[in-house]
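For the protein sequence lines, the chains are E and D, in the order given. Position in the first sequence counted from 1, then plus 786, gives you my numbering. Position in the second sequence counted from 1, then plus 285, gives you my numbering. Below: the structure, in structure tokens.
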Amino acid sequence: MNYMDGFRRLEAAVHFRARLAGHGRALAGQGRKVHLMEVCGSHTMAIARYGIRGFLPEQVALVSGPGCPVCVTDPGLIDVAITLAGQGVIVATFGDMVRVPGSHATLAKARAAGGRIEICYSPLQALQLAIHHPESEVVFLAVGFETTIAPIVAMLDTAMRQGVANLSLLTAFKLVPPALDALLADPDIRIDGLLCPAHVSAIIGADAYRPYAERHGVACVVAGFEPLDILYGLDGLVEQLVTNKPCVDNQYSRVVKAEGNRQAQRLMAHYLEPAAAAWRGLGSIPESALVLRRQFARYDALQRHGLTLQPGRHNPRCLCGEVLKGKIRPRECSLFGVACLPEQPLGPCMVSSEGSCAAEYKYEEC
Amino acid sequence: MSESILLGHGGGGRLSQQLIAREILPRFGDGPLRTLPDAAALELSSCQIRFSTDSFVVQPLEFPGGNIGDLAVHGTVNDLAVAGAVPRWLSLALILEEGLPLVTLRRVLDALQRAAHQCGVVVATGDTKVVRRGQCDGMYINTSGIGEALPGFSLGVEHLVPGDRILVSGTLGDHGMAVLSAREGLQVHNGPVSDSRPLHRLVQAVQTWAPEIRFMRDPTRGGLAAVLNEMVMGREVGLHVRESALPYAPGTKAMAEVLGLDLLHVASEGCLVLLCAAGVAEKILACWHALPEGVGAKEIGWVTQRRGRVILETSIGGERVVDLPGGELLPRIC
């Protein structure tokens, strides 16, 4: 913990506050206001949890991005998981997914109705469930970005080596760079700089952002999740913009390499192949998903259980899609804090522990 | 006697009598329970009593730092203590599941006996039921308690005024994280250990300053965040808490960081939150520091005029709202 406390020191935060104020004055002198997007939901949550928004000068606007895997997942996936639970399958899931609304219900409600929903702290717990319940089918709700995909695929690799036959994956694997490309190409969205995710970057590497950053002329900084990491990252982004030298800077080099985690990349490429995916708010983005390769179809829960994924039903008044594109702040949605509350979420951004709406409701005065 | 609980142990016949004679009376038969009356006859020196009840359904039954038995005593004793009362009498209702190993029951009852002795409470009445296998998780316990009110206390959140101080008697979130780590099999070197312990001595020790003590509460379910919010919700005052002052055990904090849980939302079972006039805060802290259960006591914040709001001053100097916990503690996806 001493190691962690070093990234939460007040004195260093005061230093960054002063630097950001200086950058703000420089931007004001240039007559500019810049828009930064924290791509990752964990950044969103940490920014709210540590009160970082209050450190920013008025010339710097910070908006949330699509980097919450729960939020961008279609409710149709929850519908399928509930169907499976109703058929006696053990549905194993990370905790975040339990309260996310499907088209008609949540996994929490399915559990209360007698469905076997097991919360896992790591993918390996799903494997343990399958091993300890050979009489049952276990389906792991495999939702996540590159960070989460790698350990899930490693778990699948172990399951196959051990000959575990009663486990399959309901996949909703998504890739961050194609989503960023789609966002940056949208003429209605103004983004000057990206605070790039920490854990995703540990897998894909800092260099993965270069093609997009150069194509769109946007500043990029890879930053960790500790509050001083974030302040350091924001300082780096604004400095790039003040000096008009946008580039990709890796300020989380204690974890992230330029080339990423080669072993994880190889494992993912062995089991998975790219496919198009529908993103909440962003629509269909080519090659933004990873699905199981055909030779591993027996581990695909949809094929194994003869189900198809149908688009789910969103609440038409829910503006989570606009929030995920950084077009509006959560409180600009008419449902926010009125009909949509953490204990009764109408959209995924209000329930996920990485969701923008949850972060704003939980931590910021509304 | 068999080595596990049978349905017959709850049937009221010979097996029931054996269970009570061999397991209950040797541990709790010194007081009114000795003759197994339908109702205990109690004598109290004061007519100002406090009465509380609580049920314990913790899983697993045993966890680092305690088990369901001492937890069931501490829970009710602490509810009485934070109401400004000296705990005197306890009821004990056991709901046992068919198949519960008798050795487990004995460990739980031993812990319960030790805890009751340590708290100076007498188990005055009780009940035992047995349910079929699968109908409860091993065992459930209900305890009700009667305590005598200490003179001088006039507790209530309506007495809070801006400038009052917020004190906690020790580290936060240890019980919740210990139970969670035991339940999920998260074995960590120097990991969280439950703080399950009685608080009555901490309360009795500060009786001198009772008129200036506004409110006391133990932050169990929902943790400190729930207690603080309940205090100011809908009121004219608010609370300001300094993150850097919050006491956490290193193992507990590390586990919470790994799982992405906010320790403000995690239960303690041996921590006292006390709000008092600013002038007596230092004296209370000094008094607590002299007791083993208060050695880690800290002042963590103060009462403000920010209506109904609990604000946390973060470790880096920012500000954020302390929200009510959502209910179920759920680990994050990544």
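Glycine residues also receive a C-beta, built at the ideal position from the N, C-alpha and C atoms. Here the structure is a predicted model, which means the values were calculated and not measured.
Next on the checklist: Only counting the same chain, and skipping five residues up and downstream in sequence, which positions put a Cβ closer than 8 Å to that of ALA563/D?
Outcome noted: GLY448, ASP449, ARG450, TRP587
Checklist entry - For the candidate residues ILE838/E, VAL820/E, VAL858/E, whose alpha-carbon lies nearest to that of ALA1063/E? => result Check the Cα spacing between ALA1063/E and each of ILE838/E, VAL820/E, VAL858/E: the tightest is with VAL858/E.
Next on the checklist: On the criterion of 16 or more Cβ atoms from any shown chain inside 10 Å, does LEU329/D qualify as buried, or is it exposed?
Outcome noted: exposed
Next on the checklist: Let's test the definition: count the other Cβ atoms within 10 Å of the Cβ of TYR789/E and tell me whether it reaches 16, buried, or not, exposed.
Outcome noted: exposed
Next on the checklist: Assuming ALA463/D and PRO477/D are in contact, meaning their beta carbons sit under 8 Å apart, how far apart are those beta carbons, in whole angstroms?
Outcome noted: Confirmed, Cβ separation roughly 4 Å.
Item to check | Whole-angstrom distance between CYS1135/E and CYS1119/E, CA atom to CA atom | outcome: 12 Å
Item to check | With 16 other Cβ atoms within 10 Å as the buried cut-off, status of ASN475/D | outcome: exposed
Item to check | C-alpha gap between MET286/D and TYR425/D, whole angstroms | outcome: Note that MET286/D scores 45 on pLDDT, short of 50, meaning its location in the model is unreliable and no value can be drawn from it.
Next on the checklist: In whole angstroms, give me the CA-to-CA distance for LEU1105/E and ALA940/E.
Outcome noted: About 35 Å.
Item to check | GLY792/E in three-state terms, based on DSSP | outcome: helix
Checklist entry - Which residues of chain D have a Cβ atom closer than 8 Å to the Cβ of VAL800/E, listed in chain order? => result GLY602
Checklist entry - Are the beta-carbon atoms of ARG335/D and ALA434/D separated by less than 7 Å? => result yes
Item to check | chain D within 7 Å of GLU1151/E, Cβ atoms only | outcome: yes
Item to check | Within 9 Å of chain E by C-beta, residues of the segment 318-352 of chain D in sequence order | outcome: Taking 9 Å as the Cβ-Cβ cut-off against chain E, none of the residues of the segment 318-352 of chain D qualify.
Checklist entry - DSSP three-state call for ALA539/D: helix, strand or coil? => result helix
Next on the checklist: So within the segment 426-510 of chain D, which uninterrupted alpha helix (DSSP H) runs reach at least 4 residues, ignoring any that extend past its ends?
Outcome noted: 459-468, 485-490
Checklist entry - For a contact meaning CB atoms closer than 7 Å, what does GLY611/D contact in chain E? => result PRO1128, GLU1129
Checklist entry - What are the boundary residues of the beta strand (DSSP E) that VAL526/D is part of? => result Run containing VAL526/D: 523-527, per the beta strand (DSSP E) assignment.
Next on the checklist: Less than 7 Å between C-beta atoms, sequence neighbours within five positions excluded: which residues of the same chain meet that for GLU521/D?
Outcome noted: ARG592
Checklist entry - From ALA1005/E, GLU844/E, ARG885/E, pick the residue whose C-alpha is nearest to that of GLY1019/E; which is it? => result ALA1005/E
Item to check | Secondary structure of ARG418/D, DSSP reduced to three states | outcome: Assigned with DSSP and collapsed to three states, ARG418/D falls in coil, not helix or strand.
Checklist entry - At which residues does the alpha helix (DSSP H) containing THR933/E begin and terminate? => result 932-947
Checklist entry - Which residues bound the alpha helix (DSSP H) around ASN363/D? => result 353-366
Item to check | Candidates LEU548/D, LYS538/D, LEU546/D, VAL488/D, of which the one nearest ALA368/D by Cα | outcome: Looking at the Cα atoms, VAL488/D is the closest of the given residues.
Checklist entry - So, do the segment 871-878 of chain E and the segment 830-847 of chain E have three or more beta carbon pairs nearer to each other than 8 Å? => result no
Next on the checklist: At a CB distance below 7 Å, what residues from the segment 535-569 of chain D approach chain E? Give them in sequence order.
Outcome noted: PRO535, LYS538, ALA539, GLU542, LEU544, GLY545
Checklist entry - Are the segment 1139-1149 of chain E and the segment 1111-1131 of chain E in contact at 8 Å, needing three or more beta carbon pairs? => result yes
Checklist entry - According to DSSP, is LYS583/D helix, strand or coil? => result In the structure shown, LYS583/D sits in a strand (DSSP, three-state: E or B).
Checklist entry - Listing by chain order, which chain E residues have their CB less than 9 Å from the CB of ASP608/D? => result PRO1128, TYR1147, LYS1148, TYR1149
Checklist entry - Tell me which same chain residues have a C-beta within less than 6 Å of the C-beta of ILE905/E, skipping the five on either side of it? => result Answer for ILE905/E: GLY881, listed in chain order.
Checklist entry - Among the residues of its own chain, which have a CB less than 7 Å from the CB of TYR998/E, if the five just before and after it don't count? => result If we look at TYR998/E and ignore the five residues flanking it on each side, its Cβ neighbours are PRO963, LEU966, ASP967, LEU970.
Checklist entry - Taking 6 Å as the cut-off, is the CB of LEU457/D close to at least one heavy atom of the ligand SAH? => result This structure lacks the ligand SAH; in fact it carries no ligand of any kind.
Item to check | Contacts around LEU961/E, its chain only, beta-carbon distance under 6 Å, and the 5 residues preceding and following it disregarded | outcome: SER1074
Next on the checklist: Within a Cβ cutoff of 8 Å, which residues of the same chain sit near LEU1088/E, ignoring the five residues on either side of it in sequence?
Outcome noted: VAL866, LEU956, THR1094, LEU1095
Next on the checklist: To test your reading of the DSSP string, which unbroken beta strand (DSSP E) runs of 3 or more residues are found completely within the segment 842-912 of chain E?
Outcome noted: 846-853, 876-880, 903-906
Checklist entry - Taking 7 Å as the CB-CB limit, is ARG605/D close to chain E? => result yes
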